[in-house]
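Data block below; observations after.
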Amino acid sequence: MPRTCAICGGPLPPPGRGRPRTKCLDCAPRRGASQAARDIAARPAPKSGTLAGAVVRELEAAGRLDTSAGLAAVVLAQRIAAGEDTGAGIAAMVKQLGATMADALRGVAVEGDPLDELRARRAAKETATAADA
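Here it is as C-alpha cells:
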C-alpha cells in the first residue's frame, strides 16, 4: 500500500536514509540554507572592488593570468564572491585560494623596496666583516 501525505493525502517520495517522511515535498519542503545564510549572500559587494577583480589585477601584474593556476584562482575568487556556499565552504575556498595564488605566483620576481635592499647589503657586509675577524 503506497504511503500518503498526512496533510494533503498526496503520494510520498520513495524512502531514503533517516526518518521516514510523513508529509509530501509540497507540504514540507526539504531544508536548505538557513535564512541567515541567504541574507548574507544577498548583501551587496563592497564599493572598493571585488575579490575576483583583485585576483585578476594581481595575476596580470605578475604575467600569470593565463596559467592553469591563475585561471583556477580566478574561478575560486568568483565562487567565493558569489556567496552561494556555507560559511565552512567559503572558509575552505579562501584557504585554497591562498594556496592557489601562491602556486600561481611562485617564481615571480618581486620588486624589492630600496630600504630592504639597503638592509640586505648592510647585513651582508656585517657577515663578511664578522667572518674576517
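In the working numbering, the protein residues as written are 735 to 867. We treat Cβ as the ideally placed atom computed from N, Cα and C, and that holds for glycine. In this text, all values refer to a predicted model and were calculated from it rather than measured experimentally.
Here residue 839 is actually not in contact with residue 815; their C-beta atoms are around 20 Å apart, not less than 8 Å.
Distance from the CA atom of residue 820 to the CA atom of residue 855, rounded to whole angstroms, is 49 Å.
Nearest Cα to residue 745 within the set 751, 752, 758 and 802: 758.
Shown here, residue 738 sits in a strand according to DSSP, grouped into three states. With respect to the C-alpha of residue 787, the residue from 810, 748, 866 and 837 having the closest C-alpha is 810.
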